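S.K.: In our numbering, the protein residues as written are -8 to 459. We treat Cβ as the ideally placed atom computed from N, Cα and C, and that holds for glycine. It should be emphasised that the depicted structure is a prediction, and the values quoted were computed from it without experimental measurement. Please see the structure below; I have some questions.
This is the structure:
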């Protein structure tokens, strides 16, 4: 066989080389295998998943065979695409893409909810598709920030592919609940809250301001409150915190447009000379003076109320995958600090990120009257209206690979500030008593003075008459 047209030899060599490069960029993966990955900038990673013959023969007998591709970010905003033709980065058509226009349209048509535009970037992406082919190409890329490829940030992630029968009811074939028994447990309230505090409405639990550096947090064991507490001792818990005081403060101005209308100029209308009256004159202003009456800080409880009717609520600013990932298991381990065995917050060093956190068993924690587990946190700062993200990861002690994460809480520890003094009934009684006593003493003193003066006058008059 000869290549008769000019240049055909070079073209053939190029095509062979291109095929080799394409295959080199494809990483082979298998079902039920956790794959760790990392991306920088505009780079992509393509994985090739091929079902073996035994799996294909098994799936054809299922009533509704499905494949679940689950992408869990550890940091950054990795994004998921799937094709049956080849890697999308090589020009092949993307068949499935998380939160694509088609996915949103299908959700609306079927009456299914889907997350808001601010809610899903940097969160877990899961694509559940029909098993129609033997080979799939799974591509992970960094989601463009504001639609600009040049502004993509680095990311790391865990990828896992599994198959199940949507209509399965027994132990075989597997159902989706068999794949992730903790994540898909029904009747489980996953909010992390603070003792003696109600959660504000929103996508995440919210702890209102605390004036103490010792805070008790609480959460429901898996399956509760719907289920009983029976069997809850098989679980262990790791607690994670991340201080974000500087990131959401006033310095970067991310809230400036929202607070300027409600707040006067701190250099004129609100100054150290009238800092006591400012909170009363401008109650909706989310700024407040600290103890020394010279510096203002954001009050996130008031700020959250100010943003509740906005397109982007307060949580959209807190859920920032480019800086931290407090809503996935690997994200909590990689981007947050940990609570040690003494229940104190400790800063996690880079060398400790790959080490296991301390796991608390249920019998080492307190239990509320309602049945929630409680942990008293120490080591928190309260000198700068400090703001923390707080979350809990749970695992099955018998099978540690079964993990799930709660819905994180935003907690602010309020720094004492100047306030107009208020009088309690006891204070009023003391003041009245003291005032009455002082007034009585003055009256007695006046009466005594008058009597003494009157006697002196009498004695003086008597002496004058004796001399006469």
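Please go through the same chain and pick out, in chain order, the residues whose beta-carbon is closer than 6 Å to the beta-carbon of residue 224, but skip the five residues on each side of it.
M.R.: 353
S.K.: Using the beta-carbon count (16 or more within 10 Å), is residue 44 buried or exposed?
M.R.: exposed
S.K.: Starting from residue 37, trace the beta strand (DSSP E) both ways and give me its first and last residue.
M.R.: 35 to 41
S.K.: Using three-state DSSP, classify residue 468 as helix, strand or coil.
M.R.: Here the chain has residues from -8 to 459 only, and residue 468 is not among them.
S.K.: For the stretch 349 to 406, which segments carrying the beta strand (DSSP E) assignment without a break, of at least 3 residues, lie completely within its bounds, in sequence order?
M.R.: 364 to 368, 377 to 387, 394 to 396 and 400 to 404
S.K.: What does the alpha-carbon distance come out to for the pair residue 210 and residue 333?
M.R.: Answer to the nearest angstrom: the Cα atoms are 19 Å apart.
S.K.: Using 10 angstroms around the beta-carbon of residue 432, count the other beta-carbons present and answer buried if the total reaches 16, otherwise exposed.
M.R.: exposed
S.K.: Please check the pair residue 379 and residue 344, which I expect to be a contact at CB under 8 Å, by giving their CB distance rounded to whole angstroms.
M.R.: So it is not a contact: roughly 19 Å between Cβ atoms.
S.K.: Excluding the 5 residues flanking residue 365 on each side, which residues of the same chain have their C-beta closer than 8 Å to its C-beta?
M.R.: Closer than 8 Å at Cβ, skipping near neighbours: 186, 207, 208, 209, 356, 357, 358 and 359.
S.K.: For residue 62, which option in 84, 130, 103 and 42 has the closest C-alpha, if you only look at C-alpha atoms?
M.R.: Nearest of 84, 130, 103 and 42 to residue 62, Cα basis: 130.
S.K.: Looking only at C-alpha atoms, which of 148, 381 and 429 sits nearest to residue 31?
M.R.: Comparing Cα positions, the closest option is 148.
S.K.: Select from 116, 26, 35 and 118 the residue whose C-alpha is nearest the C-alpha of residue 82.
M.R.: Out of 116, 26, 35 and 118, 35 has the C-alpha closest to the C-alpha of residue 82.
S.K.: How is residue 127 classed by DSSP in three states: helix, strand or coil?
M.R.: strand
S.K.: Taking the Cβ atom as the reference point for each residue, do residue 150 and residue 237 lie within a distance shorter than 9 Å?
M.R.: no
S.K.: Is it the case that the Cβ atoms of residue 387 and residue 399 are separated by a distance below 9 Å?
M.R.: no
S.K.: Starting from residue 61, trace the beta strand (DSSP E) both ways and give me its first and last residue.
M.R.: 56 to 66
S.K.: Can the beta-carbon of residue 231 be found closer than 9 Å to that of residue 103?
M.R.: no
S.K.: Please confirm whether residue 291 and residue 305 have their CB atoms less than 9 Å apart.
M.R.: yes
S.K.: Specify the secondary structure class of residue 182 as computed by DSSP and reduced to three states.
M.R.: Reduced to three states, the DSSP call for residue 182 is strand.
S.K.: Mapping DSSP to helix, strand and coil, what is residue 20?
M.R.: strand
S.K.: On the three-state DSSP scale, how would you describe residue 293?
M.R.: helix
S.K.: Among 405, 179, 293 and 145, which residue has its Cα nearest to the Cα of residue 274?
M.R.: 293
S.K.: My guess is that residue 155 and residue 93 are in contact by the Cβ rule of under 8 Å, so how many angstroms apart are they, rounded?
M.R.: About 23 Å; that fails the 8 Å criterion.
S.K.: Hey, residue 75 and residue 117: beta-carbon distance below 9 Å or not?
M.R.: no
S.K.: Please classify residue 19 as buried or exposed, where buried requires at least 16 other C-beta atoms within 10 Å of its C-beta.
M.R.: exposed
S.K.: Find the nearest neighbour of residue 313 within the set 145, 214 and 38, judged by alpha-carbon distance.
M.R.: The residue with the shortest Cα to Cα distance from residue 313 is 145.
S.K.: Looking at the secondary structure, which residues open and close the alpha helix (DSSP H) in which residue 322 lies?
M.R.: 320 to 326
S.K.: Quick one, which of 128, 64, 109 and 405 has its alpha-carbon nearest residue 302's?
M.R.: Nearest of 128, 64, 109 and 405 to residue 302, Cα basis: 109.
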